[in-house]
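*Asks:* Each residue of the sequence shown is one higher than the one before, counting from 1 in my numbering.
Please see the structure below; I have some questions.
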Amino acid sequence: GVDMGPPRLVSTEIPFQADDEALSYPLDIDSQQVEIAALSMGNPHAVLRVDDVSNAPVHELGPKIEHHPRFPQ
Numbered sequence: 001g002v003d004m005g006p007p008r009l010v011s012t013e014i015p016f017q018a019d020d021e022a023l024s025y026p027l028d029i030d031s032q033q034v035e036i037a038a039l040s041m042g043n044p045h046a047v048l049r050v051d052d053v054s055n056a057p058v059h060e061l062g063p064k065i066e067h068h069p070r071f072p073q
């Protein structure tokens, strides 16, 4: 395996716009709010908890989260 080191969880190191540091953050996507964990493993990641990975709306939410204004880069 590849050792990527520990994840970075500080919002300014991700980068992710947050008023306070937290384990999860709400994001408004279209008409819904989703809770994500934001972290960096060298590049920004958003982790969304779902009930069933095979039915998760990855193709719908992924690009919207990727281009969300709270991820400035």
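For glycine and all other residues, C-beta sits at the position ideal for the given N, C-alpha and C.
No experiment lies behind these values; they were computed from the predicted model shown.
Compare the Cα-Cα distances from His45 to each of Asp52, Ile65, Asp19 and Glu21 and report the closest residue.
*Replies:* On the sequence shown, position 45 is the one that residue 45 refers to. Nearest C-alpha to His45: Ile65.
*Asks:* Do the CB positions of Gln32 and Pro72 come within less than 9 Å of each other?
*Replies:* Here residue 32 corresponds to residue number 32 of the sequence shown, with the count starting at 1. Here residue 72 corresponds to residue number 72 of the sequence shown, with the count starting at 1. In this structure, Pro72 does not lie closer than 9 Å to Gln32 by Cβ.
*Asks:* For Thr12, collect the residues of the same chain with a Cβ closer than 8 Å to its Cβ; drop the 5 residues on either side in sequence, then sort them by chain order.
*Replies:* Counted from its first residue, the sequence shown places residue 12 at position 12. Around Thr12: no qualifying Cβ.
*Asks:* As an exercise, report each continuous beta strand (DSSP E) stretch of at least 3 residues that is fully enclosed by the region 4-46, in chain order.
*Replies:* For the region 4-46, whole beta strand (DSSP E) runs of length 3 or above, ordered along the chain, are 25-29 and 32-40.
*Asks:* Please name the residue or residues paired with Leu48 in a DSSP beta bridge.
*Replies:* Looking up residue 48 in the sequence shown gives position 48. According to DSSP, which records beta bridges pairwise, Leu48 is partnered with Ile36.
*Asks:* Would you report the Cα separation of Val2 and Gly42, rounded to the nearest angstrom?
*Replies:* Residue numbering aside, residue 2 sits at position 2 when the sequence shown is read from its first letter. Residue numbering aside, residue 42 sits at position 42 when the sequence shown is read from its first letter. Going from the Cα of Val2 to the Cα of Gly42 covers about 13 Å.
*Asks:* For the putative contact between Ser24 and Ile36, defined by C-beta atoms under 8 Å, what is the C-beta separation to the nearest angstrom?
*Replies:* Within the sequence shown, the letter at position 24 stands for residue 24. Within the sequence shown, the letter at position 36 stands for residue 36. About 6 Å separates the two Cβ atoms, so the contact holds.
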